[in-house]
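Chemist: Numbering (this note's numbering), first residue to last: 1256 to 1461.
So, in structure tokens, the structure goes:
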């Protein structure tokens, strides 16, 4: 009985292992994608609840007028804003509702379709979407957004917790995604280099 060469056995074993690893990655990716979606919407819901709770509390607390939250740093003042974050673009309420819907849809698409997206980025994108949704709820229900936070040491527009979620979330997402994408590209280059090395070795053995 003829025994197959060792290189042929190794080659077949390598092909079988690649098929197993590919199937494992597909199954893992399905689970990971589902987890990302659940985690994303959990963050969105929590962000909206925090935003709406703080707005309701501010409206009640500030019935008698502005108050000091942190002396010489942050004051509380109730303002109804028909513009975007930090009172930008006042009077364009319908446009901002459409923009918020488009942005939330884009965030969902990004989380679902971006492979291997780490949970810290999912969290920050969820913060942004939750902040946008929180302000959109205000626009639909009241025709304006409730702002109540004001810096005492600088002339800056009054804002709310949703604005903070959006601003901090966008900044963090940009930096974190750049680092994530750079690391992913390095890993791909390393895999390509290893693949080229294996192919060259197999050609040499043949």
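Heads up, the beta-carbon is just placed ideally off N, CA and C, and yes, glycines get one too.
Is residue 1370 buried or exposed, if buried means 16 or more other CB atoms sit within 10 Å of its CB?
Modeler: The residue is exposed, with fewer than 16 neighbouring Cβ atoms inside 10 Å.
Chemist: At which residues does the beta strand (DSSP E) containing residue 1336 begin and terminate?
Modeler: Unbroken beta strand (DSSP E) run through residue 1336: 1329 to 1336.
Chemist: Have a look at residue 1437 and residue 1426 and give me their C-alpha separation to the nearest angstrom.
Modeler: Near 17 Å, if we compare the C-alpha coordinates of residue 1426 and residue 1437.
Chemist: Output the distance between the C-alpha atoms of residue 1384 and residue 1292, rounded to the nearest integer angstrom.
Modeler: Their backbone Cα atoms lie some 13 Å apart in a straight line.
Chemist: I need the DSSP call for residue 1310, collapsed to helix, strand or coil.
Modeler: It is helical.
Chemist: Which two residues bound the contiguous beta strand (DSSP E) that contains residue 1324?
Modeler: Looking at the DSSP string, the run of the beta strand (DSSP E) that includes residue 1324 is 1322 to 1325.
Chemist: Run through the DSSP bridge pairs and tell me what residue 1404 is partnered with.
Modeler: According to DSSP, residue 1404 bridges with 1331, 1414.
Chemist: Report the option in 1441, 1417, 1448, 1407 whose CA atom is closest to the CA atom of residue 1476.
Modeler: Here the chain covers residues 1256 to 1461 and nothing more, so residue 1476 does not appear.
Chemist: Since residue 1379 is in the alpha helix (DSSP H), which residue starts that stretch and which ends it?
Modeler: Note, residue 1379: alpha helix (DSSP H), 1374 to 1397.
Chemist: In whole angstroms, what separates the C-alpha of residue 1419 from that of residue 1448?
Modeler: The alpha-carbon atoms of residue 1419 and residue 1448 are separated by roughly 43 Å.
Chemist: Compute the Euclidean distance between the alpha carbons of residue 1440 and residue 1288, then round it to the nearest angstrom.
Modeler: Whole-angstrom Cα-Cα distance: 20 Å.
Chemist: Compare the C-alpha of residue 1433 against each of 1294, 1360, 1363, 1376 and name the closest.
Modeler: Per the Cα distances, 1376.
Chemist: Where does residue 1319 sit, in a helix, a strand or coil, going by DSSP?
Modeler: Looking at residue 1319 - three-state DSSP - the assignment turns out to be helix.
Chemist: So, do the region 1390 to 1407 and the region 1300 to 1312 have three or more beta carbon pairs nearer to each other than 8 Å?
Modeler: The region 1390 to 1407 vs the region 1300 to 1312: in contact.
Chemist: Would you kindly work out how many angstroms separate the C-alpha atoms of residue 1314 and residue 1365, rounded to a whole number?
Modeler: Their Cα atoms are separated by approximately 35 Å.
Chemist: Rounded to the nearest angstrom, how far is the Cβ of residue 1417 from that of residue 1398, given a contact under 8 Å?
Modeler: Between residue 1398 and residue 1417 the Cβ distance is about 16 Å, and since that is not below 8 Å, they are no contact.
Chemist: Considering only their Cβ atoms, is the gap separating residue 1421 from residue 1334 smaller than 8 Å?
Modeler: Not closer than 8 Å, so no.
Chemist: To the nearest angstrom, report how far apart residue 1435 and residue 1302 are at their CA atoms.
Modeler: In a straight line, the C-alpha of residue 1435 is about 24 Å away from that of residue 1302.
Chemist: Helix, strand or coil: how does DSSP classify residue 1369 here?
Modeler: Three-state DSSP puts residue 1369 in coil, outside helix and strand.
Chemist: Under a Cβ-count criterion, where at least 16 other Cβ atoms within 10 Å of its own Cβ denotes burial, should residue 1382 be classed as buried or exposed?
Modeler: Counting Cβ neighbours within 10 Å, residue 1382 comes out buried, since at least 16 surround it.
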